Every structure is written in structure tokens, then in C-alpha cells.
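Everything below concerns the one structure shown next.
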Amino acid sequence: MRAKVTVMLKNGVLDPQGEAVKSALGALGFAGVDAVRQGKVIELDLAETDAAAAEATVRDMCEKLLANTVIESYGVEIL
Numbered sequence: 063m064r065a066k067v068t069v070m071l072k073n074g075v076l077d078p079q080g081e082a083v084k085s086a087l088g089a090l091g092f093a094g095v096d097a098v099r100q101g102k103v104i105e106l107d108l109a110e111t112d113a114a115a116a117e118a119t120v121r122d123m124c125e126k127l128l129a130n131t132v133i134e135s136y137g138v139e140i141l
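In C-alpha cells form, the structure reads like this:
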């Protein structure tokens, strides 16, 4: 079973990498980009065969390691 975790900074948290990308896009001539938020995607191959158990395990991983829940939010997709 495979899980995909998407981690993003929470709204209201400054995103200097996103601002750098926005600035670079403007410098390259891409107009009309109002905002950029940068995050990360983590894919996990799991031995678990039960989707509900897999999602619970991955959410626990996120809470303990994969996301800093003070400043980041995350989403879990079981594939």
C-alpha cells in the first residue's frame, strides 16, 4: 500500500521560499503570479494492507515526525 503526505505551511506563517520563487518567476517574465506557497510531498510504501489502519499509522507519523504541526498542516492520501 502506498501513502502520499502533503505538508504545507499553515496560513499566516511566512513562507520565504515561496516568496523567492514568486520573485524569480516575475524576473523570468511570468506575470500574474499573486502568491506562491511551497511545501513538500512524501510518498511512503507501507506493508499494511488495511487502508484505515494505514491512514491512522501515517497520521501518527505526521504528528510525530513528518510535519511540524505548530507551523505546518498536512494531508494524507492512501493510494
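Per the numbering used here, residue 63 is the first one in the sequence shown, and the count goes up by one each step. We treat Cβ as the ideally placed atom computed from N, Cα and C, and that holds for glycine. Just so it is clear, the structure is predicted and the values come from calculations on it, not from any experiment.
Pick from the options that is closest to residue i, judged by C-alpha positions
{"i": "Lys84", "options": "Lys72, Leu71 and Val98", "result": "Val98"}
{"i": "Asp77", "options": "Gly101, Leu128, Phe92 and Gly88", "result": "Gly101"}
{"i": "Ile104", "options": "Leu127, Val132 and Ile133", "result": "Leu127"}
{"i": "Asn130", "options": "Glu139, Val75 and Lys66", "result": "Val75"}
{"i": "Thr63", "options": "Ala115, Val132 and Gly91", "result": "The sequence as given places Met at residue 63; Thr does not occur at that position. It is Ala115."}
{"i": "Asp112", "options": "Ile140, Leu90 and Asp96", "result": "Ile140"}
{"i": "Val132", "options": "Leu71, Ala82 and Ala65", "result": "Leu71"}
Alpha-carbon spacing of residue i relative to residue j, whole angstroms
{"i": "Met123", "j": "Asp107", "result": "13 Å"}
{"i": "Asn73", "j": "Val120", "result": "23 Å"}
{"i": "Leu87", "j": "Ala118", "result": "38 Å"}
{"i": "Gly94", "j": "Gly80", "result": "15 Å"}
{"i": "Val67", "j": "Tyr136", "result": "7 Å"}
CB contact flag (residue i, residue j, <8 Å)
{"i": "Val69", "j": "Glu125", "result": "no"}
Endpoints, the beta strand (DSSP E) within which residue i is located
{"i": "Thr68", "result": "Arg64 to Leu71"}
{"i": "Ile147", "result": "The structure shown does not extend to residue 147, since the chain is modelled only from 63 through 141, so no value can be given for it."}
Residue range of the alpha helix (DSSP H) that includes residue i
{"i": "Glu125", "result": "Taken as a continuous stretch (DSSP letters only), Glu125 belongs to no alpha helix (DSSP H), as it is neither H nor E."}
{"i": "Leu87", "result": "Pro78 to Ala89"}
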